[in-house]
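Enquirer: First the structure, which I've put down as structure tokens, then a few questions once you've had a look.
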Amino acid sequence: MSSAERDLYAVADFCLIPMGTGEPSVAEYIAECQRVLEKSGLTFKMHGYGTNLEGPWDEVTRAIRDCHAAVHAQGAPRIATDIRIGTRTDRVIAPGSGNASKVQRVEDILAEEK
């Protein structure tokens with residue numbers, strides 16, 4: 001594996017869905033996942049239907065795996081997760097700034113229109 005592949009910076013959005021829990025609310029399971037992410041040291045931000053997460057590729061995918069393990073440990077027999085991961089090699093992304101810079105760029109464009 002080349003150095004570029006090892007150090008690939010990932011900007012991800014994932015939605016973890018506990019299934020077969022017998023209850024309509026999944027908030028307790030998602031709270032547990034957020035605790036896992038807090039311990040990961042990665043940059044993340046929960047939103048209404050998922051979580052933005054960023055960092056080195058292996059750490060991002062490990063954190064999502066760890067969320068699965070923690071939610072299963074809480075009793076969820078099944079989990080479905082949708083994941084979108086973006087990477088780029090045309091410029092350096094400062095750690096923790098991937099999602100914020102994407103949002104800022106769009107806000108800047110909209111502000112120019114006013």
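Quick note: the sequence shown, position 101, residue 101 per UniProt numbering, numbers continuous. The beta carbon of each residue, even a glycine, is placed where N, CA and C say it ideally should be.
Between Cys-37 and Phe-14, what straight-line distance do the alpha-carbon atoms span, to the nearest angstrom?
Expert: Residue numbering aside, residue 37 sits at position 37 when the sequence shown is read from its first letter. Residue numbering aside, residue 14 sits at position 14 when the sequence shown is read from its first letter. Reading the sequence as shown, one finds Leu at residue 37 and not Cys. C-alpha separation (whole angstroms): 12 Å.
Enquirer: Mapping the DSSP letters down to three states, classify Arg-62 as helix, strand or coil.
Expert: Here residue 62 refers to the residue found at position 62 of the sequence shown. Correct three-state label for Arg-62: helix.
Enquirer: To test your reading of the DSSP string, which unbroken beta strand (DSSP E) runs of 3 or more residues are found completely within the stretch 14-68?
Expert: Runs found: 43-47, 50-56.
Enquirer: Would Thr-87 and Leu-16 be called neighbours here (beta carbons separated by less than 8 Å)?
Expert: As a first step, residue 87 is located in the sequence shown; it is residue number 87 there, counting from the start. As a first step, residue 16 is located in the sequence shown; it is residue number 16 there, counting from the start. The answer is no: Cβ separation not under 8 Å.
Enquirer: Out of Lys-102, Leu-42, Gly-98, Pro-24, which one is the CA nearest neighbour of Asp-66?
Expert: For this step, residue 66 is matched to residue 66 along the sequence shown. If we check each option's Cα against that of Asp-66, Leu-42 comes out closest.
Enquirer: Do Val-71 and Glu-23 count as a contact pair if the criterion is CB distance below 8 Å?
Expert: As a first step, residue 23 is located in the sequence shown; it is residue number 23 there, counting from the start. As a first step, residue 71 is located in the sequence shown; it is residue number 71 there, counting from the start. Contact: no.
Enquirer: Using a 10 Å radius around the Cβ and a threshold of 16 neighbouring Cβ atoms, would you call Leu-110 buried or exposed?
Expert: Locating residue 110 in the sequence shown gives position 110, where the first residue counts as 1. So Leu-110 ends up on the exposed side.
Enquirer: Name, in chain order, the residues that DSSP records as bridge partners for Gly-86.
Expert: Walking along the sequence shown from the start, residue 86 turns up at place 86. Val-11, per the DSSP bridge assignment.
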